[in-house]
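Before any comments, here is the structure.
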Amino acid sequence: MGKTRGFTLVELAIVLVIIGIILGAILKGTELINNAKVKRLQNDLKGLEAAIWTFYDRTGRMPGDCNNNGTIDYQLGSTAPTLSSTTTAPGSLCNGTEDQDAPFNDLRYARILPQNAANAEIAKHPFNGIFAIGSNGTANAIAIYNVPAWAAKMIDRSIDGSENGTAGRIRRLDNAADWPGDQDQAVAIIYYFDRM
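Residue numbers for the sequence shown follow my numbering, so the first one is 281 and each next one is one higher.
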């Protein structure tokens, strides 16, 4: 019988380098996917804001502002509202209800958003949460629910130029504090697109 040979140090080093390259590519791929999700969420946010301003230009009021005082009637809260899953087109502009569906119904009725899609589908974003349109009582805003803290910070930095969850146009909605230390914690954020 011959002598059994093991791997040489050079062979082991080559295998380790190859494994390192593969792991680096996987991690970089994950980062690219996450960055793409954040960009898509921001584009969806800006698209929803553009739809709101288009409605305002056409009608002279904000969608969901049934009393026409300049502030959307639905009060945004720290938990995500349940939006309608019916695909029936709304029958009229602002039916007088101050609910979470009124802004989306107005936008659908005005044919700015698809009429044959449910509000719950229209409002979805890439992190499996939803957008909601409303106000904090004085300022009109769009809330974004179920966003990982790392993504919320990226959006805050992109729009406000800093990561401050308590000031600026992007803020943390579900807590008065700044962004959490746990980067994967889901948070609700609010984007003030009108007056603050």
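Ideal Cβ placement from N, Cα and C applies to all residues, glycine included.
**Study point:** Candidates T359, P361, P370 and N399, of which the one nearest L328 by Cα
**Key:** On the sequence shown, residue 328 is found 48 positions in, with the first residue counted as 1. Closest by C-alpha distance to L328, out of T359, P361, P370 and N399, is N399.
Practice item. At 3 residues or longer, and completely inside the segment 412-452: list those beta strand (DSSP E) runs for me, N to C. Key: Along the segment 412-452, the beta strand (DSSP E) occurs as fully enclosed runs of 3 or more residues at 420-428 and 450-452, listed in sequence order.
**Study point:** Close Cβ partners of G461 (< 7 Å) along its chain, the five nearest in sequence each way excluded
**Key:** By one-based count along the sequence shown, residue 461 stands at place 181. Counting only residues of its own chain and dropping the five nearest sequence neighbours on each side, G461 has no CB closer than 7 Å to any other CB.
Review point. Who are the Cβ neighbours of I470 in its own chain at under 6 Å, not counting the five residues just before and after it?
Key: By 1-based counting over the sequence shown, the position of residue 470 is 190. These residues qualify, in order along the chain: A421, A423, R451 and L453.
Check your understanding: Tell me, which residues are paired with Y471 by DSSP?
Key -> The count along the sequence shown starts at 1 and reaches residue 471 at position 191. As a beta-bridge residue in DSSP terms, Y471 pairs with I422 and I450.
Review point. So what does DSSP say about A390, is it helix, strand or coil?
Key: On the sequence shown, residue 390 is found 110 positions in, with the first residue counted as 1. Secondary structure of A390 (DSSP, three-state): coil.
Check your understanding: With 16 as the cutoff for other CB atoms within 10 Å, does T351 come out buried or exposed?
Key -> For this step, residue 351 is matched to residue 71 along the sequence shown. Classification for T351: buried.
Point to revise | Distance between beta carbons of L373 and S415, contact taken as under 8 Å | key: Numbered from its first residue, the sequence shown carries residue 415 at position 135. Numbered from its first residue, the sequence shown carries residue 373 at position 93. Not a contact, Cβ separation roughly 18 Å.
Check your understanding: Nearest to E401 by CA position, among D381, G417, A419 and A390, is which residue?
Key -> Here residue 401 refers to the residue found at position 121 of the sequence shown. Just measuring C-alpha positions, the residue of D381, G417, A419 and A390 sitting nearest E401 is D381.
Review point. Under a three-way DSSP split, which group does A466 fall into?
Key: By 1-based counting over the sequence shown, the position of residue 466 is 186. The DSSP-derived three-state label of A466 is strand.
Point to revise | Residues of its chain near T367, where Cβ-Cβ distance is below 6 Å and the 5 sequence neighbours each way are ignored | key: Start at 1 with the first residue of the sequence shown, and residue 367 comes out as number 87. Hits under 6 Å: N396 and A398.
**Study point:** Residue range of the alpha helix (DSSP H) that includes A330
**Key:** By one-based count along the sequence shown, residue 330 stands at place 50. According to the DSSP assignment, A330 belongs to the alpha helix (DSSP H) that extends over L289 to T339.
Check your understanding: Near D386, what residues of its chain come up, given a Cβ to Cβ distance below 7 Å and the 5 sequence neighbours on each side ignored?
Key -> Counted from its first residue, the sequence shown places residue 386 at position 106. Within the same chain, D386 has close Cβ partners F335, P343, G344, L373 and C374.
Check your understanding: So what does DSSP say about I410, is it helix, strand or coil?
Key -> Here residue 410 refers to the residue found at position 130 when the sequence shown is read from its first residue. Strand.
Check your understanding: Is the Cβ-Cβ distance between D464 and A429 less than 8 Å?
Key -> In the sequence shown, residue 464 corresponds to position 184, counting from 1. In the sequence shown, residue 429 corresponds to position 149, counting from 1. In this structure, A429 lies closer than 8 Å to D464 by Cβ.
Point to revise | Nearest-angstrom beta carbon gap, R449 and Y472 [assumed within contact, 8 Å] | key: Start at 1 with the first residue of the sequence shown, and residue 472 comes out as number 192. Start at 1 with the first residue of the sequence shown, and residue 449 comes out as number 169. The pair is a contact, with the Cβ atoms about 5 Å apart (cut-off 8 Å).
Check your understanding: Between N444 and T288, what straight-line distance do the alpha-carbon atoms span, to the nearest angstrom?
Key -> Your numbering for residue 444 matches position 164 in the sequence shown. Your numbering for residue 288 matches position 8 in the sequence shown. The alpha-carbon atoms of N444 and T288 are separated by roughly 53 Å.
Check your understanding: When the distance is taken between beta carbons, is L321 closer than 8 Å to F407?
Key -> Taking the sequence shown and counting its residues from 1, the one referred to as residue 407 is at position 127. Taking the sequence shown and counting its residues from 1, the one referred to as residue 321 is at position 41. In contact: F407 and L321 (Cβ atoms closer than 8 Å).
Check your understanding: How would you write the range of the alpha helix (DSSP H) that N349 sits in, first residue to last?
Key -> On the sequence shown, residue 349 is found 69 positions in, with the first residue counted as 1. Boundaries for N349: no alpha helix (DSSP H) harbours it, and the DSSP string shows neither H nor E there.
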